[in-house]
Structure formats: C-alpha cells, structure tokens
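Numbered per the UniProt record's numbering, the sequence shown finishes at 141, counting up by one with no gaps.
Structure, as structure tokens:
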Amino acid sequence: MAIEQTFSIIKPNAMKKNAIGDIVSMFEANGLKIAAAKITVLTADKAGEFYAEHKARPFFGELVSFMTSGPVMLMCLQGEGAVLKNREIMGATDPKKANAGTIRSKFGDNVGENAVHGSDSVESAARELALFFEKHEICNV
Ligand code: RTP
Ligand code: MG
C-alpha cells in the first residue's frame with residue numbers, strides 16, 4: 001500500500017484529559033509517524049471552514065462551539081495507508097459504537113465530543129492539511 005499523509009485533530013475534550021501521549025502512542029504503535037504538529041485554539045471561522053460539509057446539519061453550531069472551546073492538537077500523520085489506518089485506530093464516530101481499544105472508545109464522551117478527528121479520504125486529507133499547515137511545516141518523516 002502507498003505511503004499517505006492524513007490530517008488528525010486531538011479535540012478539546014481529549015486535550016482536557018491529558019491524553020496527547022496516549023493517543024500519539026497509539027498512532028506510533030500502529031506504524032504511523034507524526035510529520036507535523038501544533039497546539040492551538042481554533043477560531044470559529046476556521047472551525048466552520050473546516051467542517052463546511054456539515055454546515056446544514058442541526059449539530060453544526062454545537063460542533064463549532066465545542067471545537068473552539070479549548071486547545072486542540074493538529075497533526076499530519078504519515079505511513080502506509082495512513083488515511084484508513086487512522087480511521088481504524090480512531091474507531092466509529094459514536095464512542096458507544098467504537099470497537100474496544102480504539103481512541104474514541106477510550107477517550108470519547110459522546111457522538112459530538114469524540115476525542116479525535118481523522119480525514120475520511122486522501123482528497124479530504126489534502127484539503128484539511130492545507131487549511132492548517134504551510135507546505136514547509138510538513139516533514140517527510
Ligand atoms: P470527524 O470528521 O470529526 O473525524 O468525524 P467523523 O468523520 O467520524 O464524523 P462526521 O460525520 O464527519 O462528523 C463530524 C463531527 O461532527 C460531530 N457530530 N455530531 N451530534 C451529532 O449527531 C453529531 N454527529 C457528528 C462529531 O464531532 C463528528 O466527529
Ligand atoms: Mg468526518
């Protein structure tokens with residue numbers, strides 16, 4: 001399988017749980033490398049642009065307010081089949097439905113506050129990475 005890059009966010013609820021180390025360990029244990037990382041607080045504009053595909057959904061306002069409620073960690077993950085691999089490590093959107101041992105089953109609180117984001121395709125990953133990182137900030141690790 002090809003080496004891919006994907007975009008990951010450790011969301012505010014997982015940041016509050018001091019779970020950066022545990023989550024990054026799970027990526028690394030599964031063969032993903034951290035090619036870029038930064039901790040920041042998202043503006044409502046940026047969070048809205050990032051989740052533009054969900055603008056018409058009833059939970060959009062809640063989602064933007066959650067995503068801007070505290071620091072997040074933004075990452076580029078790199079490795080073989082990184083997009084799908086990251087989605088597997090994360091688990092299902094709803095932590096109640098996520099397989100045991102996945103990030104969302106361990107650190108998710110509910111379907112909204114579900115600990116992590118991961119791009120759903122190579123195309124989404126490219127769009128999302130470009131929203132948050134300059135090209136030179138992503139290393140070929
Ligand atoms: P993400 O984009 O954050 O990685 O999550 P996902 O692909 O698994 O789920 P998606 O359908 O793209 O939804 C994006 C985020 O919106 C919040 N959400 N809330 N209240 C609700 O019913 C609901 N449904 C989705 C979650 O934070 C989800 O990750
Ligand atoms: Mg999604």
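Backbone N, C-alpha and C define an ideal beta-carbon position, used for all residues, glycine too.
S8, DSSP secondary structure in three states
strand
According to DSSP, is residue 147 part of a helix, a strand, or is it coil?
Residue 147 is absent from the structure shown; the chain starts at 1 and stops at 141.
Pairwise C-alpha distance: E53 and G70
22 Å
So, at 7 Å on beta carbons, what are the nonlocal neighbours of V122 in its own chain, with the 5 sequence-adjacent residues on each side left out?
E4 and V83
In chain order, each beta strand (DSSP E) run of at least 3 residues that lies wholly inside the UniProt domain "Nucleoside diphosphate kinase-like" (3-140):
3-10, 33-40, 72-80 and 116-118
Whole-angstrom distance between F27 and K33, CA atom to CA atom
Taking the straight line joining both Cα atoms gives about 7 Å.
Consider the C-beta atom of N18 and the heavy atoms of the ligand RTP; say whether any pair is separated by less than 7 Å.
no
Closer than 7 Å from C-beta to any heavy atom of the ligand MG: which residues, in chain order?
By the rule of a C-beta closer than 7 Å to any heavy atom of the ligand MG, the residues picked out are H117 and D120.
8 Å Cβ shell around L42 - same chain, five flanking residues per side excluded:
Once the five neighbours on either side are set aside, the close Cβ partners of L42 are F50, M67, T68 and V72.
Any heavy atom of the ligand RTP inside 7 Å of the beta-carbon of N99?
no
Beta-carbon gap between V111 and I10 smaller than 8 Å
no
Pairwise C-alpha distance: S119 and K106:
Their Cα atoms are separated by approximately 20 Å.
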